[in-house]
Amino acid sequence: MVLKKQKKEIIGSDDEPIEMDSSAGFELRTPPEDGIRRRWYAIHVHTGQELSVCRNLLKKAAELDNPDLITNVFVPMERVNEVREGKKRAVQRKYCPGYVLAQLPENPQQYPELWRAIHEVSGVTGFVGSSRTRPVPAADAEVESLIQVMRGEKEAPRPKIDIEVGAKVRITEGPFANFVGTVSEINPDRGLVKVQVEIFERFTSVEVELWQIEQL
0 MVLKKQKKEI
10 IGSDDEPIEM
20 DSSAGFELRT
30 PPEDGIRRRW
40 YAIHVHTGQE
50 LSVCRNLLKK
60 AAELDNPDLI
70 TNVFVPMERV
80 NEVREGKKRA
90 VQRKYCPGYV
100 LAQLPENPQQ
110 YPELWRAIHE
120 VSGVTGFVGS
130 SRTRPVPAAD
140 AEVESLIQVM
150 RGEKEAPRPK
160 IDIEVGAKVR
170 ITEGPFANFV
180 GTVSEINPDR
190 GLVKVQVEIF
200 ERFTSVEVEL
210 WQIEQL
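Numbering follows numbering that gives the first Met the number 0, in which position 179 of the sequence shown is assigned residue number 178; successive positions increment by one, without gaps.
Right, here's the structure in full:
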């Protein structure tokens with residue numbers, strides 16, 4: 000596994016925070032010296048399935064003729080302290096809900112077996128910031144920043160949210176695509192918003208991801 004101390008804890012709901020102790024750490028494999036240039040790619044997945052997708056990508060890697068084509072996979076997490084029943088505990092929470100980072104050969108679409116294996120994983124919806132056929136790698140500096148957060152070397156910056164409660168928006172993706180409504184609630188930690196939309200002449204609250212809306 001990429002995330003140490005998680006073998007036991009990640010069995011269960013992906014929405015639950017992962018309890019950790021002070022010795023919990025994060026480590027990455029060193030890419031092999033095989034002449035293949037590797038880059039980091041952000042893979043968009045269904046929110047709530049990040050950890051299961053991470054596990055299944057690693058299982059897929061083991062089935063490839065060259066398992067090193069999927070060199071590293073991790074879910075961006077941050078360490079936070081929370082209090083439950085009067086007790087303080089350290090947990091890991093997903094910093095970028097809906098995303099998994101994978102270290103792959105540059106231009107992974109040129110490796111048919113790898114390309115097919117990734118898209119066969121349940122919960123994967125595609126690569127971020129790309130067309131369907133040519134993924135765009137993530138900026139090295141951004142990935143390094145996330146790795147430092149994972150290792151506890153720096154605090155996770157809060158994502159900038161330009162949309163406010165009361166804003167009129169259009170839903171651009173998902174089952175409610177093209178519905179227009181008003182933002183009633185924002186959950187920046189999970190990257191989710193609730194939008195009041197009119198369905199069958201009644202106003203209904205639907206929950207969508209931030210990337211699935213555009214402000215009007």
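Cβ coordinates follow ideal geometry from the N, Cα and C atoms, glycine included. On a predicted model such as this, the values are computed, not experimentally measured, just so you know.
Got a sec, what are the start and stop residues for the beta strand (DSSP E) ASN106 sits in?
No beta strand (DSSP E) contains ASN106, which DSSP labels as neither H nor E.
With distances taken Cα to Cα, identify the nearest neighbour of THR70 among GLN91, SER51 and ASP33.
Closest option to THR70, Cα to Cα, is ASP33.
Distance CB(LEU68)-CB(LEU113) smaller than 8 Å
Less than 8 Å divides the Cβ of LEU68 from the Cβ of LEU113.
Proximity of VAL182 and GLY165 at Cβ, strictly below 8 Å
When the beta-carbon positions are compared, VAL182 and GLY165 come within less than 8 Å of each other.
Can you tell which of GLY190, GLU197, GLU163 and GLU184 has its C-alpha closest to the C-alpha of LEU215?
With distances taken between Cα atoms, LEU215 lies closest to GLU163.
Evaluate GLN211 with the Cβ neighbour count: other Cβ atoms within 10 Å of its Cβ, from every protein chain shown; 16 or more gives buried, anything less gives exposed.
Its Cβ being crowded by 16 or more others within 10 Å, GLN211 is buried.
Taking the continuous alpha helix (DSSP H) assigned at ILE117, which residues delimit it?
It spans 111-119 - the alpha helix (DSSP H) in which ILE117 sits, taken as one unbroken run.
Does the beta-carbon of HIS43 have 16 or more other beta-carbons within 10 angstroms, so that it is buried, or is it exposed?
When all chains shown are included, HIS43 counts as buried.
My output table needs one value for GLN211: the three-state DSSP class, helix, strand or coil.
Residue state, collapsed to three classes: helix.
For PRO31, collect the residues of the same chain with a Cβ closer than 6 Å to its Cβ; drop the 5 residues on either side in sequence, then sort them by chain order.
Its chain contains ASP67 as the residues whose beta carbon lies nearer than 6 Å to that of PRO31, once the 5 sequence neighbours on both sides are disregarded; these appear in chain order.
Apply the 10 Å Cβ neighbour rule to PRO187 and answer buried if 16 or more other Cβ atoms are within range, or exposed otherwise.
With fewer than 16 other Cβ atoms within 10 Å, it is exposed.
Does DSSP put ASN55 in a helix, in a strand, or in coil?
DSSP places ASN55 in helix when its eight states are reduced to three.
So, does the stretch 92-104 touch the stretch 52-63, judging by three or more C-beta pairs under 8 Å?
Short answer: they touch.
Buried versus exposed, by CB contacts within 10 Å (16 or more), THR46
Here THR46 is buried: its Cβ has 16 or more other Cβ atoms, across all protein chains shown, within 10 Å.
The ligand GTP heavy atom lying under 7 Å from the CB of SER183
The ligand GTP is not part of this structure, which contains no ligands at all.
Candidates PHE73, GLN91, ALA116 and TRP39: closest to LEU63 by CA position
Answer by Cα proximity: ALA116.
Beta-carbon contacts of PRO111 that lie in its chain and below 8 Å, excluding the five residues immediately before and after
Contacts found: none.
On the DSSP bridge list, what partners appear for ILE162?
Its beta-bridge partners do not exist; DSSP assigns none.
Can you tell me whether ALA41 is buried or exposed, with buried defined as 16 or more other CB within 10 angstroms of its CB?
Per the 10 Å Cβ criterion, buried.
Straight-line Cα distance separating ARG37 from ALA176:
Roughly 35 Å between the two C-alpha positions.
Have a look at GLU143 and PRO75 and give me their C-alpha separation to the nearest angstrom.
Looking at the two C-alpha atoms, the distance is approximately 11 Å.
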